[in-house]
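All remarks here apply to the structure that follows.
Numbering (this note's numbering), first residue to last: 342 to 459.
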């Protein structure tokens with residue numbers, strides 16, 4: 342995803358550090374961060390208006406979300422599941438399992454419970 346060459350990153354790091362320092366100084370307010378991100382994609386679109394750019398921007402934003410989840414979101418949620426227990430199995434689901442109307446299997450890749458029969 343964001344794995345550009347290290348020498349290419351240098352072109353952006355100083356400006357990004359300045360932007361992030363300003364956002365941190367303001368307390369990482371969601372409106373401020375949203376504004377900064379919006380300005381970037383707005384300029385990208387205005388420089389190249391058209392559906393192709395819209396599709397590229399949407400894909401980039403989806404990629405950013407995927408990369409964030411990969412490195413931060415999912416590990417955090419997994420840690421909280423281990424700490425506090427899963428909320429996936431509700432009392433209703435538990436009752437359906439006992440009645441044989443619902444079956445859970447554990448995913449071999451990630452050990453999450455998956456509903457496979459209802």
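Note that the Cβ used here is the ideal one computed from N, Cα and C, for glycine as well.
- In the structure shown, residue 425 falls within a helical segment according to DSSP collapsed to helix, strand and coil.
- Fewer than three pairs of CB atoms, one per stretch, sit closer than 8 angstroms, so the region 390–398 makes no contact with the region 412–422.
- About 6 angstroms separates the beta carbon of residue 364 from that of residue 373, a gap short enough to meet the 8 angstroms contact definition.
- When secondary structure is reduced to three states using DSSP, residue 416 falls in the helix class.
- In the structure shown, residue 351 adopts helical secondary structure according to DSSP, grouped into three states.
- For residue 389, the secondary structure class from DSSP, reduced to helix, strand or coil, is coil.
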